[in-house]
Each structure stands twice: as structure tokens, then as C-alpha cells.
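Chemist: Residue numbers (the numbering used here): 22 to 693. Please find one structure pasted underneath; my questions will follow.
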């Protein structure tokens, strides 16, 4: 049996155990504290993430609301309905805050861009019912990315400084507790104008004659003899003869669609009889008949009660035949041929306009003697010097009559020449004078009796406010022709300055307006959205790979530019539903071939090629081309171009209605 341990031997063992117990207790306390700390942080993080998730949903809702607000504003802005202008004044109440902040006083996005906060009750609703949640904040930012055109896009063309590219941002920020979420929606955006530049002012714009024989119409006063039909150009609503103050005529012409016929050679267009049918005959002839007594010194005054008469008539085969008393039977020119282009409408429905270019008109000036008592008349035929000296005059059967007439002029051919029938030629715009009110004798009487005399008041003509030629305002009634043309709008801004209109052939710069591109027409039909009626919605300007053949009707819900790389063949109807906005089909480098009689509500533009029109056609818009082709219309049928003033770039209000805001590329969502 061992003896019991002594007190001295037990003391060290108790000294080791106590520290060990204390160490274990410290470890337990430390582990407990650590667990408590991390558990609390985990709970805090979980709470923070929960708050962040709620903030994200609130920010996302606010972002989508802001994006929806932008899309609705964009749709409102892009509406060409005249009832929505001015945009800032007629904007719906729920869009007013965004509209008045994003658009400047002119109704367009400011060139320098803009950033502003959007406040809406909807934002407060997104935070309702969530503790420690503040209403989300939304900011719109339109950041300028530069003008679409930094230099003139072509000779004489003025770039539109309002056509620009922008970066659009919608920023949304939401806060719940200590959690903050920031989201951003981005898209590149273009502000473009859908009007065709310069040519939009013209109902018909032809750069050069090409192969077109402008006086190919074998004309007659008998419809049975007519085997073709003119193309009728209507620059606006019908306007009959005056009298009107010259300023009123000027203003009316400035608002109409003009005609441009280019090329260096003179377009001498014969006014058409149209087979005696008013719907084919040319409009805007001078008053048709005047008479005045013979001078007592003239020998014929002693042979009876004779008066001189003069009448103005369109050209036609009748003047070489008995129906026209052989008045122009010996004339060496093509009296029986008249123009295939009726530029002022028709005799049945005159629609006068300003014709720009080296263009004149020719018509039959028929002169003769009338015996008022018996009502008998005799034309004085056109004669050469040789025929005048001979004894066989066309339409004059008696030698004694020839002698009496020759004696009346003292045997002088020069004296007879002033009174014989002839083909008169004058500036095409002289056809506008019947619209005006001149004091004294009517202008027509002066011009046909003594073409060298100016009518009273002629020097007070009101000059155009939208066209200058070689630096001078164009005067209605004269030849609107020169080497440098300037087009201005009704607010005095120049859009084409000092250039040659005939040189305007390259429209490739319009590609910068494009917001969507398609490989072909089928891709366009598939790729564009449609409205409830099934009509295609144009996003401003699109580019389509060519050539393109439009066999089925192509209807759009809105206007815009459709650019085609190549030739366009039209075999079906094309237009905008309701005709409320301008639609332009532009062939870049190719032709436009129309092969349908269906109505076409569009501008047909092929400045580098030819526009060919069939025997029957109706265009509500305009035609612009390097040259024009016209099929033979036998039997004669109606074909016309009726200008739509929605294309007019020289009317500031019209131009304002043609701006469009369009997104480009993909939308981008960012979390930051």
C-alpha cells in the first residue's frame, strides 16, 4: 500500500488543469461570439440583398415606365397629322412633362442635347407598401453625337443642321433602406427629315431630254386622228384665268409644285389641240380672238367694211388642211406635232405652275381679214418671200385677191410678215399672264398684236420669294432659266444655293438617314411591323437591296423614304393609307419602271436613271429623273402627275411636319 501523496505533489496538477479549463472556456466564448457576429452579418447581408432586390424591381419598373414614356413620345412626335402641330402645344397631358423638356421652342430636340428628371405619380406607386423605400428617380438624357451632315451633301445642297444623331439614355435609381439600384436603358437615335431634298418642290423634275421627243404628239383638232396622249402635270389645284393682283399670283405659284426641265438645249414645246378634247388639250392659252379696224390709209379699207383679226390657237394638223384654211400649210416646222407634256394641266382643268429651265412654248398665231357684215373671214397664210412674190398662196384661190393683199402691204414682204399667220414662241411662263390683272389693254391683246410692247403694269410684277436665278428673284411670266439657282423656304432659309439643278444626280447621301436595311423586298415585308389594319410601319428611312419588283400592293401606315440599290419595277399599287404623309421611292443608281395603271401615292425618284411611265398612269406625288420615258397611249388614255404639297421643302410648316425621331440598332440595358 502506497502512502498518500503529499500536499506538495498535488499542487502542480491543480495548476495545469485550471488554465486548460479557462482556455476551453475562452475558446467556447470566442466561437460563440464569432458565430453570433457572422450570423448577424449574414442576416444583415440577407436583409440588404432583399432590400436591393426590392430596389431593383422598383428601378426596373421605373426604367420600363421611362422607356414606355419615350416610345409614346416618339410615336407622338413622328405623327404627321396636322392636328398634332405645334407638338409642344398639343401634346397629351400625360406626355406634357417629357415633351416640353425634350423639345425646344421649335418643336425639335435641342442640338446641344438635354438632361432632366421625370416626375410622375406612377413612380411613387412603385415604392408604395414597401418599408424604408423611397420613390424611384428617373432621368432622361439626350446626348448629341454630331450632325448627320457635316458638309454640303452635294453641289448647291445645304445641310439641315437639325438632322442629327443622339445617344438616348433613361436612368432609373431606386433606394430601399441602405440598398441602392441604378439601371440604364440606352439606344442610338436619329433625327431625320423624310422629305426628298430640292426635288420635293417639283411636280416634274427632268435633268435632261435624253431620248424623249417632247413634240412627238401627232396632233389634230379631231379626236379620231389622235393616237397618243400627253402626260398632264398638275402643280396644284385648278386655277382659272384672272384677274388677280400680281402679288396674289406670285404667292399662289410659290406654294405650288413647279416643273424643271434641264439640259442645255431649248425645250420648245408645242401647245396641244388634244384632238379637240379639252381633257387632252393644253391649258393657259391667251384670250383667243381680237379684232381692230384697218387704217384708213390701207387700200383694203376702201374696198369694204373689213377688220383685222388675230386668234391664238394650239398647234395641230388642221392648220395645214382645209379645216384650218391652210393658214400654216407652207410653214417649214412641225406644225402638226405638239408636246407630249401638258405642264399647266388641261383646258378642261387648268393647273398653272412655274416652269423652270430653258423652256418655251409654241402656238399658232392665226391672223386674217374679217368682213363683219357677212361674217366671212380669210386667214393670211404663212408665206416665204418666194411664195409672197408668186401667184399661188395656200388657201387663196383667186389671183385678184392675192394682188389686192400684196398691194395692201405695198408689195413689201416685211410688212406682210407682221400680219401673216405664224407659229409664235414665247417663254413657257408667259402662259401665266392671263392669271394677272393688268391695267389698260389685256396682256394677250398686246402680246399678239405687238409682241415687242410691254403691257401697262408689267414692270410691277411680284417676284418669287422662293426662287432666285443667277442671284435675282424669278419673275412669273419670263424665262426662269440660268446657271445658278437658289431655293428658299417661306421663312427665307436657303436649301439650295447657287447650284445647277440639272447637276443634282447623286442622292447616295440619303443613306445617312437610313435606320433599317433589308436585303430585298421580301425582307422588308417580313421585317417591318404592321398596324392594326395590316399596313407597314416605316421607321423613317429604310434601305432595300435591289433590283426590286413590286407585284402586290405595297401599303404603308405612314410616310418615309424607301431607298433601293438598283431598279424599281412597279406592277402594283403603292401608297400611304389615307394619303396623309409623304412617301418617296428612291432608286439609287437605277431606273423606275411603272407597269401598272393602279394609283401611285408616292414620289418616284431616279435622278441617275430613267422613270418610264405606261400608257395609263396616275401619280399623286411627283416624278424626278435624269430622263423621262413615255409609252405610246393608243387609244388615248388619261395619264397625269398630280403634285402633293406634303413634299414641299420650301414651306417651313411642311418641313417641320416631316421630321422623325428613329432608334438605330439594338437597345442596351445596363446595371450600375
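The C-beta atom is built at its ideal place from N, Cα and C for all residues, glycine as well. Small disclaimer: the values here were computed from a predicted structure and weren't measured.
Would you kindly work out how many angstroms separate the C-alpha atoms of residue 78 and residue 576, rounded to a whole number?
Modeler: Residue numbering aside, residue 78 sits at position 57 when the chain shown is read from its first letter. Residue numbering aside, residue 576 sits at position 555 when the chain shown is read from its first letter. Going by the C-alpha atoms only, they are around 41 Å apart.
Chemist: Would you report the Cα separation of residue 261 and residue 612, rounded to the nearest angstrom?
Modeler: As a working mapping, residue 261 is identified with position 240 in the chain shown. As a working mapping, residue 612 is identified with position 591 in the chain shown. Each residue's Cα considered, the two are about 36 Å apart.
Chemist: Give the straight-line distance between the Cα atoms of residue 328 and residue 368, rounded to the nearest whole angstrom.
Modeler: Locating residue 328 in the chain shown gives position 307, counting from the first residue. Locating residue 368 in the chain shown gives position 347, counting from the first residue. Roughly 29 Å separates the two Cα atoms.
Chemist: Just reading off the alpha helix (DSSP H) that residue 553 is part of, what are its end residues?
Modeler: As a working mapping, residue 553 is identified with position 532 in the chain shown. Premise fails: residue 553 is in no alpha helix (DSSP H) and is neither H nor E.
Chemist: Taking the C-alpha atoms as reference points, what is the distance between residue 470 and residue 632?
Modeler: Residue numbering aside, residue 470 sits at position 449 when the chain shown is read from its first letter. Residue numbering aside, residue 632 sits at position 611 when the chain shown is read from its first letter. Residue placement at residue 470 cannot be trusted, given a pLDDT of 48 that sits under 50; what the coordinates show is reported in the next sentence. Rounded to whole angstroms, residue 470 to residue 632 spans 41 Å at the Cα level.
Chemist: Sorted by chain position, which residues of the same chain lie with C-beta nearer than 6 Å to residue 475's C-beta, five sequence neighbours on each side aside?
Modeler: Indexing the chain shown from 1 puts residue 475 at position 454. Interpretation of residue 475 is limited by its pLDDT of 48, a score under 50 that renders its predicted location unreliable; the figure taken from the coordinates is listed afterwards. Same-chain partners within the cutoff: there are none.
Chemist: Taking residue 424 as the reference, which of 624, 411, 416 has the closest Cα?
Modeler: What you label residue 424 is simply residue 403 of the chain shown in a count that begins at 1. Ranking 624, 411, 416 by Cα distance to residue 424 puts 411 first.
Chemist: On a Cα-Cα basis, can you pick out the residue from 609, 190, 599 that is closest to residue 586?
Modeler: Looking up residue 586 in the chain shown gives position 565. The residue from 609, 190, 599 with its alpha-carbon nearest to that of residue 586 is 609.
Chemist: Take residue 375 as the anchor and find which of 557, 217, 220, 485 has the nearest alpha-carbon.
Modeler: Sequence index remark: in the chain shown, residue 375 carries index 354 (1-based). Nearest C-alpha to residue 375: 485.
Chemist: Since residue 617 and residue 593 should fall inside the 8 Å C-beta cutoff, what is the C-beta to C-beta distance between them, to a whole number of angstroms?
Modeler: As a first step, residue 617 must be located in the chain shown, where it is residue number 596. As a first step, residue 593 must be located in the chain shown, where it is residue number 572. Right, the Cβ-Cβ distance comes to about 6 Å (below 8 Å), so this counts as a contact.
Chemist: Should the segment 445-460 be called in touch with the segment 258-272, which here means at least 3 C-beta pairs below 8 Å?
Modeler: Three or more Cβ pairs drawn from the segment 445-460 and the segment 258-272 lie within less than 8 Å of each other, which places the two stretches in contact.
Chemist: Please return the same chain residues whose Cβ sits closer than 6 Å to the Cβ of residue 473, not counting the five positions on each side in sequence.
Modeler: Here residue 473 is taken as the residue at index 452 of the chain shown, counted from 1. The pLDDT assigned to residue 473 is 49, lower than 50, so where the model puts this residue is not dependable; a value taken from the coordinates is nonetheless given after this. Once the five neighbours on either side are set aside, residue 473 has no close Cβ partner at all.
Chemist: Here's the rule: buried if 16 or more other CB atoms are within 10 angstroms of the residue's CB, otherwise exposed. What is residue 74?
Modeler: Position 53 of the chain shown holds residue 74. Counting Cβ neighbours within 10 Å, residue 74 comes out exposed, since fewer than 16 surround it.
Chemist: What three-state label does DSSP hand residue 49 in the structure shown?
Modeler: Counting from 1 along the chain shown, the entry for residue 49 is found at position 28. Helix.
Chemist: For the beta strand (DSSP E) that contains residue 397, what are its first and last residues?
Modeler: Translated into positions along the chain shown, residue 397 becomes position 376. That run of the beta strand (DSSP E) goes 397-400.
Chemist: Here's a check: name, in chain order, each residue in its chain whose Cβ is nearer than 8 Å to the Cβ of residue 527, leaving out the five neighbours to either side.
Modeler: On the chain shown, residue 527 is found 506 positions in, with the first residue counted as 1. The answer, listed in chain order, is 175, 628, 629.
Chemist: Go ahead and pull the three-state DSSP assignment for residue 339.
Modeler: Taking the first residue of the chain shown as 1, we reach residue 339 at position 318. Helix at residue 339.
Chemist: For the beta strand (DSSP E) that contains residue 215, what are its first and last residues?
Modeler: Within the chain shown, the letter at position 194 stands for residue 215. From DSSP, residue 215 is part of no beta strand (DSSP E); its letter is neither H nor E.
Chemist: Using a threshold of 8 Å, state whether the C-beta atoms of residue 249 and residue 238 are closer than that.
Modeler: On the chain shown, position 228 is the one that residue 249 refers to. On the chain shown, position 217 is the one that residue 238 refers to. It is a contact, given that the beta carbons lie within the stated cut-off.
Chemist: I believe residue 280 touches residue 364 by the beta-carbon criterion, under 8 Å. Please report the beta-carbon distance rounded to the nearest angstrom.
Modeler: If you number the chain shown from 1, residue 280 lands on position 259. If you number the chain shown from 1, residue 364 lands on position 343. The pair is a contact, with the Cβ atoms about 5 Å apart (cut-off 8 Å).
Chemist: Looking at the unbroken beta strand (DSSP E) that takes in residue 646, where does it start and where does it end?
Modeler: Translated into positions along the chain shown, residue 646 becomes position 625. Taken as a continuous stretch (DSSP letters only), the beta strand (DSSP E) holding residue 646 covers 638-651.
Chemist: Would you mind sorting residue 665 into buried or exposed? The rule is 16 or more other CB atoms within 10 Å of its CB.
Modeler: By one-based count along the chain shown, residue 665 stands at place 644. When all chains shown are included, residue 665 counts as buried.
Chemist: I'd like the span of the alpha helix (DSSP H) that includes residue 387, first residue to last.
Modeler: Position 366 of the chain shown, counted from the start, is the residue given in the question as residue 387. No alpha helix (DSSP H) holds residue 387; the beta strand (DSSP E) holding it covers 380-392.
Chemist: If you draw a straight line from the alpha carbon of residue 557 to that of residue 287, how long is it in whole angstroms?
Modeler: Looking up residue 557 in the chain shown gives position 536. Looking up residue 287 in the chain shown gives position 266. Going by the C-alpha atoms only, they are around 44 Å apart.
Chemist: Is the separation between the beta-carbon of residue 330 and that of residue 398 shorter than 8 Å?
Modeler: One-based indexing of the chain shown puts residue 330 at position 309. One-based indexing of the chain shown puts residue 398 at position 377. Result yes, Cβ atoms of residue 330 and residue 398 sit closer than 8 Å.
Chemist: Grouping DSSP H, G and I as helix and E and B as strand, with all else coil, what is residue 605?
Modeler: Start at 1 with the first residue of the chain shown, and residue 605 comes out as number 584. Strand, per DSSP.
Chemist: Please list the segments of the beta strand (DSSP E) lying wholly inside the segment 136-187, counting only runs of 3 or more residues, in order along the chain.
Modeler: 154-168
Chemist: Can you look up residue 478 in the DSSP assignment and give me helix, strand or coil?
Modeler: Working through the chain shown from its first residue, we reach residue 478 at position 457. Summary for residue 478: the model assigns pLDDT 47, below 50, so the residue's position carries little reliability, and this model does not support an answer.
Chemist: My output table needs one value for residue 543: the three-state DSSP class, helix, strand or coil.
Modeler: Counted from its first residue, the chain shown places residue 543 at position 522. It is helical.
Chemist: What is the DSSP secondary structure of residue 507, reduced to helix, strand or coil?
Modeler: Taking the first residue of the chain shown as 1, we reach residue 507 at position 486. Three-state result, residue 507: strand.
Chemist: Taking the beta strand (DSSP E) that residue 699 belongs to, which residues open and close that run?
Modeler: Residue 699 cannot be examined here, being either before or after the span of the chain that is shown, 22 to 693.
Chemist: Under 8 Å between the Cβ atoms of residue 189 and residue 203?
Modeler: The count along the chain shown starts at 1 and reaches residue 189 at position 168. The count along the chain shown starts at 1 and reaches residue 203 at position 182. No; because the gap between Cβ atoms is not below 8 Å, this pair is not in contact.
Chemist: Give the C-beta separation of residue 335 and residue 292 to the nearest angstrom, bearing in mind that I take them to be a contact with Cβ-Cβ under 8 Å.
Modeler: As a working mapping, residue 335 is identified with position 314 in the chain shown. As a working mapping, residue 292 is identified with position 271 in the chain shown. Confirmed, Cβ separation roughly 4 Å.
Chemist: Alpha carbon to alpha carbon, what distance is there between residue 158 and residue 84?
Modeler: Along the chain shown, read from residue 1 onward, the residue named residue 84 stands at position 63. Along the chain shown, read from residue 1 onward, the residue named residue 158 stands at position 137. When rounded, the distance between both Cα atoms is 9 Å.
Chemist: Would DSSP call residue 694 helix, strand or coil?
Modeler: In the structure displayed, the chain extends from 22 to 693; residue 694 sits before or after that span and is not available.
Chemist: Can the beta-carbon of residue 679 be found less than 8 Å from the beta-carbon of residue 216?
Modeler: Here residue 679 refers to the residue found at position 658 when the chain shown is read from its first residue. Here residue 216 refers to the residue found at position 195 when the chain shown is read from its first residue. Cβ atoms of residue 679 and residue 216: closer than 8 Å.
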